[in-house]
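Protein chains in written order, with the working numbering: chain A, 1 to 380; chain B, 1 to 380; chain C, 1 to 380; chain D, 1 to 380.
Data block below; observations after.
Number of protein chains: 4
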Amino acid sequence: MARLKLGMVGGGQGAFIGGVHRIASRMDDHYELVAGCLASNPETAHASAKELGIDAERSYDDFLSMAEKESSRDDGIDVVAIVTPNHLHYPIAESFLSKGIHVICDKPLTHNLEDAENFHKVVSSSNALFALTHNYTGYPMVRQAREMFRNGEIGELRIIQVEYAQDWLTLPIEKDGQKQASWRTDPSKAGMGGSIGDIGSHAYNLADFITGAKLEELCADISSFVPGRKNDDNAHVLLRYANNAKGMLWSSQVAPGNENALRIRVYGEKGGLSWEQENPNYLTVDIFGKAKKIIRRAGNESSDIGNRVTRIPPGHPEGYLEGFANIYADFAKQIRAFQNSQKPDEELLLVPTIDDGLKGVKFITSVVESGSNGGKWIKF
Amino acid sequence: MARLKLGMVGGGQGAFIGGVHRIASRMDDHYELVAGCLASNPETAHASAKELGIDAERSYDDFLSMAEKESSRDDGIDVVAIVTPNHLHYPIAESFLSKGIHVICDKPLTHNLEDAENFHKVVSSSNALFALTHNYTGYPMVRQAREMFRNGEIGELRIIQVEYAQDWLTLPIEKDGQKQASWRTDPSKAGMGGSIGDIGSHAYNLADFITGAKLEELCADISSFVPGRKNDDNAHVLLRYANNAKGMLWSSQVAPGNENALRIRVYGEKGGLSWEQENPNYLTVDIFGKAKKIIRRAGNESSDIGNRVTRIPPGHPEGYLEGFANIYADFAKQIRAFQNSQKPDEELLLVPTIDDGLKGVKFITSVVESGSNGGKWIKF
Amino acid sequence: MARLKLGMVGGGQGAFIGGVHRIASRMDDHYELVAGCLASNPETAHASAKELGIDAERSYDDFLSMAEKESSRDDGIDVVAIVTPNHLHYPIAESFLSKGIHVICDKPLTHNLEDAENFHKVVSSSNALFALTHNYTGYPMVRQAREMFRNGEIGELRIIQVEYAQDWLTLPIEKDGQKQASWRTDPSKAGMGGSIGDIGSHAYNLADFITGAKLEELCADISSFVPGRKNDDNAHVLLRYANNAKGMLWSSQVAPGNENALRIRVYGEKGGLSWEQENPNYLTVDIFGKAKKIIRRAGNESSDIGNRVTRIPPGHPEGYLEGFANIYADFAKQIRAFQNSQKPDEELLLVPTIDDGLKGVKFITSVVESGSNGGKWIKF
Amino acid sequence: MARLKLGMVGGGQGAFIGGVHRIASRMDDHYELVAGCLASNPETAHASAKELGIDAERSYDDFLSMAEKESSRDDGIDVVAIVTPNHLHYPIAESFLSKGIHVICDKPLTHNLEDAENFHKVVSSSNALFALTHNYTGYPMVRQAREMFRNGEIGELRIIQVEYAQDWLTLPIEKDGQKQASWRTDPSKAGMGGSIGDIGSHAYNLADFITGAKLEELCADISSFVPGRKNDDNAHVLLRYANNAKGMLWSSQVAPGNENALRIRVYGEKGGLSWEQENPNYLTVDIFGKAKKIIRRAGNESSDIGNRVTRIPPGHPEGYLEGFANIYADFAKQIRAFQNSQKPDEELLLVPTIDDGLKGVKFITSVVESGSNGGKWIKF
């Protein structure tokens with residue numbers, strides 16, 4: 001089957017997440033990268049394009065011309081990946097969607113709620129598909145957790161404990177010109193959320209993905225431990241879900257020893273589920289009154305929903321890139337169905353959507369609002 | 001050296017914690033149990049006493065006569081262990097302290113703040129010693145964590161993540177007459193705190209023991225998930241400490257798969273410390289920029305403060321009873337110093353005190369107050 | 001119930017294992033230490049006795065007088081614990097058994113096979129009971145592993161992987177006069193086995209305890225890595241059991257990072273069991289085709305056989321001393337049954353016996369014989 | 001940079017390892033698959049080729065015509081991946097090498113020693129490059145272990161404990177026509193080695209890669225636990241290395257609960273290193289006298305040698321495919337250097353070679369010889 005033609009905005013030399021998107025897109029051979037506007041600086045953009053084997057004529061100086069020109073080519077791109085700082089997601093996506101080019105976009109959706117709401121409208125009314133790379137939802141054992149929860153295996157929801165801790169902002173490295181640190185700690189580019197925007201939004205999304213529980217209220221205490229930092233580098237959030245379920249969310253980028261420690265535990269009346277991103281091939285299942293069970297990716301008692309998105313036998317660990325690639329692969333299948341005027345298979349719709357993106361920005365906004373007001377309770 | 005003569009109030013047949021206290025008291029051979037008022041029901045009390053080898057004449061029907069008679073015997077008890085439901089701690093302790101008999105008492109101190117404050121006055125003005133069995137402070141690696149923190153090895157405090165989760169109250173077993181569940185879920189005996197009183201207070205105490213950080217404000221969301229239960233069986237608490245440090249505390253007795261999962265993580269500007277009660281022989285140390293280190297009880301890089309309270313070489317695991325016994329052993333040494341009119345060694349003063357008890361009850365009270373008022377912030 | 005009167009030979013100041021035996025004997029209140037011959041040097045012996053609260057007149061200079069005098073006292077000891085270097089176990093045990101005093105003895109039984117065979121005869125023909133402290137058999141989850149294996153839960157035995165690694169002899173500390181290292185590396189006191197005698201024998205015993213498989217042949221490669229050391233400090237052994245089952249045993253005292261790493265894995269046609277001494281509260285169960293299960297001491301799916309020998313609820317970790325104490329407690333119950341001319345309960349007979357001791361010495365002897373002959377196969 | 005043109009022999013529909021090679025080759029964008037002889041059955045071959053987007057004219061019926069035709073095309077393949085059953089590796093490789101086409105070949109090299117020796121000669125005298133996919137050597141933390149060992153960080157080698165356990169052959173699934181099980185248990189296709197050939201050879205290679213220790217003698221006990229199985233499904237091997245170092249190797253495919261449990265521990269005079277394939281992002285380092293250290297991929301104290309072959313930040317787990325891809329990526333760089341008549345960088349030469357392949361077959365042969373002769377010692 002011919003590969004989908006992929007373009008990319010952002011992700012030039014020195015950017016971390018662009019490379020991740022490219023590997024993820026290649027993993028299952030659904031995409032070929034053929035065009036890009038890889039950096040705001042044209043020189044960097046073109047040098048990056050060359051390195052990646054993109055034809056010089058398809059390396060663009062600005063995303064508007066890219067959208068314009070690619071949409072007018074016979075062999076123009078089918079889909080564009082947006083991997084820029086947050087404040088640019090919306091205008092870029094808009095320009096491609098308006099040309100009927102599908103969009104796969106990094107999270108969080110936007111750097112403010114207004115943009116997010118407009119973005120949502122644009123996607124809803126466009127004639128192209130949209131996916132958001134909340135990549136952690138692509139892990140097979142996360143999919144299985146979702147299924148088990150929704151099948152009632154642990155009963156009605158009582159408690160969600162979710163956390164996402166890192167340590168890379170322990171010191172004020174943004175002052176030393178570290179590129180990623182610089183924009184991620186700059187409210188004008190990242191939005192008002194610091195740790196809560198960058199990673200807390202993943203934690204919220206993961207809880208939402210697994211349980212589907214409706215968040216009703218929250219109360220947040222946010223801190224900027226590093227002197228001079230404008231956005232939070234640590235957030236503590238109490239969550240109240242529908243039906244009296246409760247939750248707790250911690251995001252931090254100043255917790256030494258935590259590399260990328262996203263962890264979720266969900267408890268219901270009958271049992272609990274636990275999963276950790278750093279050891280993603282395991283799902284721990286505790287049914288009340290039963291011994292602890294560890295279900296392994298593709299292994300015994302693993303279910304079809306996860307096995308569909310795994311490539312290798314149990315015991316051969318898959319990691320972050322494979323989970324990320326699942327988002328790309330499923331979105332490719334959505335696009336092909338769309339191109340063939342077919343309805344995509346149900347399971348492909350697990351790819352995070354514009355709705356997830358909007359909820360995520362609302363979450364970030366609410367946390368910052370609560371935190372900036374002394375930790376008052378906010379309706380969600 | 002002659003053993004201290006020990007009496008016990010509570011802890012008769014069917015009680016869990018009484019047996020723990022007895023083993024803990026025997027472990028290092030500092031005590032001999034010679035008297036008791038082991039149950040409110042005299043028949044149970046005497047049967048229990050017989051089983052434990054206590055002379056019939058020193059098995060008492062009520063604690064008042066026990067205090068009276070033991071204090072007038074030449075071979076009367078030196079010290080009494082109080083292991084009753086919470087509401088009885090204060091009156092019992094008072095009657096023994098007033099006779100100059102030392103008291104080692106289960107936690108939480110009392111079932112309400114008024115009693116706790118009076119209790120504090122009684123102890124402060126008495127001529128006898130008092131210890132509270134916040135036993136988790138007895139673990140060697142908790143002692144080492146305290147020392148490392150206070151030596152500044154992880155720098156100034158930023159974040160405390162502490163949690164204590166169990167699952168034994170997942171179902172409404174108090175309705176089936178399970179004895180311990182019955183009193184622990186009964187506000188008139190346990191106090192207003194459910195999980196927060198029984199185990200959340202341990203979590204608070206552990207954070208306090210290690211860091212000494214001054215709690216200034218808290219905000220709590222408490223739940224009674226099991227229908228009909230009066231006290232909380234789950235509590236989520238945000239903590240604000242002095243110097244802008246922040247914390248999060250979770251206590252739950254309805255989290256399936258958690259047996260006795262007390263866990264603390266403390267982060268400072270320079271590093272982090274992590275310890276889990278269920279695998280208490282390990283302390284994880286993360287100095288920012290360095291590889292993760294696991295220090296093992298009595299092993300390499302373990303320090304004197306922990307090694308003093310360990311009995312066996314590394315790799316020979318010690319557990320809950322050994323940690324509990326450390327409280328008993330150090331209290332015995334305090335008592336002997338007192339009996340010899342000596343000042344106890346500094347390190348013996350790590351045994352939890354009446355101050356810890358009062359702080360604990362204030363903590364429980366504050367959490368319940370916050371939680372009962374929609375989760376408002378409370379000054380501590 | 002009155003405590004059994006306990007004497008001890010060996011275990012004076014500076015000895016590690018004597019203190020372990022004393023705590024283990026006290027843990028469940030079945031014994032009271034009243035007499036001893038605690039060191040070969042009388043001064044040390046008496047000083048140790050004083051420290052332990054033993055009456056001066058019952059602190060003996062030599063074990064023969066101790067056996068003589070204690071057996072003639074009305075309040076003489078019921079049982080003696082022998083915790084000396086290996087070459088003394090047999091003569092000491094003989095002198096007490098011949099007086100009708102029960103014996104609980106450290107392992108390995110003797111330092112050579114001849115003594116072991118004679119020892120076996122003496123015990124068999126004596127009118128007193130004998131127990132060997134292969135303490136690891138006292139762990140609840142080891143008991144459960146045995147039961148599960150023998151109930152056929154993992155099917156017919158195929159493979160045993162057992163290992164016991166330490167690192168305390170990595171350097172030639174015996175040359176620095178470290179007391180325990182000195183005798184344990186001295187063939188005249190420890191026997192011909194170095195690591196294989198001290199700890200390999202535990203590993204062999206553990207496999208035997210759980211499976212009861214009949215060892216038929218072995219092939220060993222033994223090393224003394226530390227220059228000048230006479231006995232092995234590392235042994236690699238291939239095992240052939242009846243019915244074509246196979247095994248592998250590794251013992252080492254020069255494996256840095258291993259504190260007391262006894263670990264066993266047993267595989268049958270239908271499943272596998274895995275247990276590690278350093279985290280003894282867990283038993284991992286893998287039934288072929290099923291998810292991995294972790295059964296926790298006293299927890300869900302734990303069985304009566306283990307729960308009988310546990311004192312505290314799940315999640316409150318028990319350790320080495322508690323496992324050791326189970327041997328003491330069950331032996332006390334055997335003695336009481338004997339004193340009452342009753343048959344002991346079946347489950348009490350899990351305490352290791354003189355048969356186990358003899359098998360252990362045969363195992364050590366065979367390993368050394370194989371290893372000293374270039375690694376030839378030896379019939380067992 | 002233009003991608004290398006890749007062909008593949010074997011790896012058609014239903015084969016596991018072919019897909020792995022394809023993903024690995026794509027991961028870092030060094031290769032493009034353009035030709036294949038994907039199955040012995042032409043129909044399957046062509047259907048597979050179509051699925052993979054290979055032009056019909058470059059989907060071959062037999063490998064000889066493929067070598068012939070591809071070598072005569074201007075746009076012919078640069079390199080061929082051989083992923084057939086073991087007995088075909090040699091003839092296929094020979095036909096491509098003789099045409100100057102580079103070869104990357106699955107392991108073990110061949111199904112018998114004679115072929116392996118001839119293979120070695122062919123590669124040595126050919127004018128093309130050869131790589132063997134002992135993929136576990138591609139893991140960053142394995143590379144770091146090698147470097148630390150060779151830098152003397154744990155001192156002179158004493159002990160190697162290596163094991164590779166699986167459970168997928170616990171039942172006689174080869175009788176049910178499971179394709180992979182069928183050829184892997186068939187001596188005419190897999191060679192005489194069963195588990196020792198399939199996975200034991202990886203274990204041997206891993207030890208060799210890390211330590212470079214010279215194996216001098218071995219003694220093996222091999223079993224076929226499943227009735228009717230001709231090759232071993234379990235092997236226990238004692239190893240004697242140069243300078244009196246010792247080792248133990250276990251390979252098994254009938255150990256329930258083990259998915260792909262390759263694990264190595266190496267001990268020297270000064271420390272130990274431990275790594276497990278199922279959690280490959282961690283390397284445990286124990287320096288004698290120091291606390292246990294866990295070095296994480298790309299994290300603190302990780303070294304350049306591993307960091308060069310990692311793609312994403314610490315805490316974002318990499319897995320099996322990424323390790324495999326490192327072999328492909330480094331081989332691509334070797335090929336480019338060769339094409340430019342340059343000497344490859346030193347570090348690229350870590351890719352396993354024909355020497356490793358020959359040593360591996362000698363190892364398998366020796367194990368089977370020892371095992372078939374009652375477990376006698378064999379010079380290596």
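Beta carbons: idealized from backbone N, C-alpha and C, even for Gly.
Residue nearest to residue i in terms of C-alpha spacing, selected from the options
i, options, result
"residue 212/B", "150/B, 227/B, 230/B", "150/B"
"residue 129/C", "380/C, 267/C, 374/C, 333/C", "333/C"
"residue 11/A", "2/A, 174/A, 21/A", "21/A"
"residue 250/B", "246/A, 335/A, 93/A", "246/A"
"residue 383/A", "85/A, 76/A, 267/A, 57/A", "This structure cannot settle anything about residue 383/A, because the visible part of chain A is limited to 1 through 380."
"residue 94/C", "228/C, 76/C, 111/C, 67/C", "67/C"
"residue 204/D", "170/D, 139/D, 230/D, 241/D", "241/D"
Within 8 Å, strictly: CB atoms of residue i and residue j
i, j, result
"residue 195/D", "residue 167/D", "no"
"residue 208/C", "residue 359/C", "yes"
"residue 237/C", "residue 220/C", "yes"
"residue 367/D", "residue 108/D", "no"
"residue 159/C", "residue 252/D", "yes"
"residue 59/D", "residue 46/D", "yes"
"residue 364/D", "residue 133/D", "no"
Beta-carbon neighbours of residue i, restricted to chain D and to distances below 7 Å
i, result
"residue 231/B", "Within 7 Å Cβ-Cβ: nothing; residue 231/B doesn't reach chain D, min ~39 Å."
Residue i to residue j span [Cα, whole Å]
i, j, result
"residue 350/B", "residue 288/B", "29 Å"
"residue 125/A", "residue 215/A", "26 Å"
"residue 131/A", "residue 79/A", "10 Å"
"residue 54/C", "residue 83/C", "17 Å"
"residue 81/A", "residue 40/D", "40 Å"
"residue 282/C", "residue 380/D", "41 Å"
"residue 259/D", "residue 296/C", "22 Å"
"residue 290/B", "residue 274/B", "15 Å"
"residue 323/C", "residue 3/B", "25 Å"
"residue 378/D", "residue 374/C", "12 Å"
Chain D residues whose Cβ lies nearer than 9 Å to that of residue i
i, result
"residue 289/B", "300, 301"
Residue i: contacting residues in chain C (beta-carbon distance under 7 Å)
i, result
"residue 255/D", "159, 267, 272"
Under 8 Å from the C-beta of residue i: neighbouring residues of chain C
i, result
"residue 248/D", "236, 248, 250"
Partners in chain D for residue i, counting only beta-carbon separations shorter than 8 Å
i, result
"residue 243/C", "Chain D residues near residue 243/C: none, gap ~11 Å exceeds 8 Å."
Proximal chain A residues relative to residue i, where beta-carbon distance stays under 7 Å
i, result
"residue 295/C", "291"
Chain B residues whose Cβ lies nearer than 9 Å to that of residue i
i, result
"residue 19/C", "311, 312"
Please confirm if the region 302-315 of chain D is in contact with the region 300-312 of chain B, defined as three or more CB-CB distances below 8 Å between the two stretches.
no
Taking 8 Å as the threshold, find out whether the region 318-325 of chain C comes into contact with the region 336-354 of chain C through three or more Cβ pairs.
no
Would you be able to state if there are at least three C-beta pairs under 8 Å between the region 152-164 of chain C and the region 270-277 of chain C?
yes
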